[in-house]
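Asker:
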Amino acid sequence: MPPDQPLTAKRLHQLVTSTEPNTKTRRRACMVVQQVARFAQVDYDPKPYQGRYTPRKPQPRDIPSNAQIVAFWQSLDHRGWKFILGLIATYGLRPHEAFLVDYDQLRKGDRALWVLDGKTGRRRVWAFHPEWFEQFELSNPVLPAINLNRRNDQIGHSATRHFWELKAPFRLYDLRHAWAIRTLEYGLEDALSARQMGHSVEVHCEIYQHWIDERVHQRAYERLMNRDDRPKPSDLDL
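Throughout the sequence shown, residue numbering follows the working numbering, covering 12 to 249 in sequence.
#1: For a test of the three-state rule: what should DSSP assign to Leu111, helix, strand or coil?
#2: Keeping to the same chain, check which residues put their C-beta closer than 7 Å to that of Val44; ignore five residues upstream and five downstream.
#3: With a Cβ-Cβ cutoff of 7 Å, do Asp201 and Val212 count as a contact?
#4: Find the nearest neighbour of Tyr61 within the set Gly103, His140, Arg38, Ile74, judged by alpha-carbon distance.
#5: So, does the stretch 112–122 touch the stretch 168–180, judging by three or more C-beta pairs under 8 Å?
#6: Suppose the cutoff is 7 Å on Cβ atoms and the five residues either side in sequence are ignored; what does the same chain contact list for Leu155 look like?
#7: DSSP on Val47, reduced to helix/strand/coil?
#8: Starting from Trp125, trace the beta strand (DSSP E) both ways and give me its first and last residue.
#9: Put Arg182 into one of helix, strand or coil per three-state DSSP.
#10: How long is the line joining the alpha carbons of Pro244 and Arg234, rounded to whole angstroms?
#11: Specify, as a first and last residue, the run of the beta strand (DSSP E) that Val214 falls within.
#12: Relative to the C-alpha of Ala51, which residue among Ala20, Trp190, Ser76, Arg162 is closest?
#13: Is it the case that the Cβ atoms of Pro75 and Phe147 are separated by a distance below 7 Å?
#14: What residue does the alpha helix (DSSP H) around Arg294 start on, and which one ends it?
#15: Label Ser29 either buried or exposed according to how many other C-beta atoms from any shown protein chain fall within 10 Å of its C-beta, with 16 as the threshold for buried.
#16: Buried or exposed for Tyr197, please, with buried defined as at least 16 other CB atoms from any protein chain shown within 10 angstroms of its CB.
#17: Let me know if Thr194 comes out buried or exposed under the rule of 16 or more other beta-carbons within 10 Å of its beta-carbon.
So this is what it looks like as structure tokens:
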């Protein structure tokens with residue numbers, strides 16, 4: 012937006028509509044423009060143009076297994092990137108958040124990780140699997156030398172691109188999805204898992220509905236099968 016031109020509702024609207032509808036970019040543009048309009052006291056509300064955007068839902072085929080994660084970690088030579096991979100896998104972090112945690116607590120052997128500043132602010136996250144804390148040597152933080160004086164999305168993109176260049180058998184963000192599904196397998200409540208991931212329960216359930224439904228059905232089935240009075244088949248005459 013040209014700095015020598017007055018800030019008007021029309022110009023703010025042009026800025027919003029210059030982005031692709033129903034995308035993350037459009038949603039962010041609306042958030043920024045809303046703040047600018049409020050600060051500049053311009054009568055413009057971008058919310059009607061925000062559209063519908065939902066995060067990409069992972070497919071079962073995208074989720075790396077524990078064995079794949081460990082095997083790829085073992086194949087890496089660079090200690091810094093091994094640390095980042097292990098941290099994201101163990102705590103389900105967004106890629107940029109691996110560079111924004113309390114490393115001093117890790118050095119003390121504290122498995123409950125503090126994310127100091129991420130997309131949704133400060134929060135605490137627990138290790139799933141806890142054994143990975145030792146296996147991935149997370150009490151000895153070593154960071155790769157990348158430029159951290161950038162926006163969070165740029166930091167995350169650098170990490171994601173680096174693992175793509177290493178031909179990782181999975182996307183870096185899929186480690187976060189794998190963590191979420193792992194907490195379901197452990198039996199962690201959805202609300203607690205969502206809080207540790209730094210998003211709402213509604214978003215959590217929408218993204219991981221497939222696995223949540225499967226867990227509910229499996230538990231109901233197990234309860235029925237464990238009943239002493241459940242129906243039994245007739246014995247076969249052999």
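All C-beta atoms in this analysis are idealised placements derived from N, C-alpha and C, irrespective of residue type, glycine included.
Answerer: So, from the data block:
#1: Taking the first residue of the sequence shown as position 1, residue 111 is located at position 100. Three-state DSSP puts Leu111 in coil, outside helix and strand.
#2: The count along the sequence shown starts at 1 and reaches residue 44 at position 33. Cβ neighbours of Val44 beyond the five flanking positions: Leu23, Leu26, Val27, Pro57.
#3: As a first step, residue 201 is located in the sequence shown; it is residue number 190 there, counting from the start. As a first step, residue 212 is located in the sequence shown; it is residue number 201 there, counting from the start. A contact, by the Cβ cut-off of 7 Å.
#4: Along the sequence shown, read from residue 1 onward, the residue named residue 61 stands at position 50. This sequence places Gln at residue 61; Tyr is not what is there. That would be Arg38, whose Cα lies nearest to the Cα of Gln61.
#5: no
#6: Reading the sequence shown from its first residue, position 144 is the one you call residue 155. Per the sequence presented here, residue 155 reads as Pro, with Leu not at that position. Hits under 7 Å: His89, Gly91, Trp92, Ile95.
#7: By one-based count along the sequence shown, residue 47 stands at place 36. Here Val47 sits in helix by DSSP.
#8: Position 114 of the sequence shown, counted from the first residue, corresponds to residue 125. Start and end: 124–126.
#9: Sequence index remark: in the sequence shown, residue 182 carries index 171 (1-based). Arg182 falls in the coil class under three-state DSSP.
#10: Position 233 of the sequence shown, counted from the start, is the residue given in the question as residue 244. Position 223 of the sequence shown, counted from the start, is the residue given in the question as residue 234. Each residue's alpha carbon lies about 18 Å from the other.
#11: By 1-based counting over the sequence shown, the position of residue 214 is 203. No beta strand (DSSP E) contains Val214, which is instead part of the alpha helix (DSSP H) from 212–218.
#12: For the purposes of this step, residue 51 is taken as residue 40 along the sequence shown, with counting starting at 1. For Ala51, the nearest C-alpha among the options comes from Ala20.
#13: Taking the first residue of the sequence shown as position 1, residue 75 is located at position 64. Taking the first residue of the sequence shown as position 1, residue 147 is located at position 136. No, these two residues do not count as a Cβ contact at 7 Å.
#14: Only positions 12 to 249 of the chain appear in this structure, which leaves residue 294 out of reach.
#15: Looking up residue 29 in the sequence shown gives position 18. With fewer than 16 Cβ atoms within 10 Å of its Cβ, Ser29 is classed as exposed.
#16: Taking the first residue of the sequence shown as position 1, residue 197 is located at position 186. Label assigned to Tyr197: exposed.
#17: Start at 1 with the first residue of the sequence shown, and residue 194 comes out as number 183. Buried.
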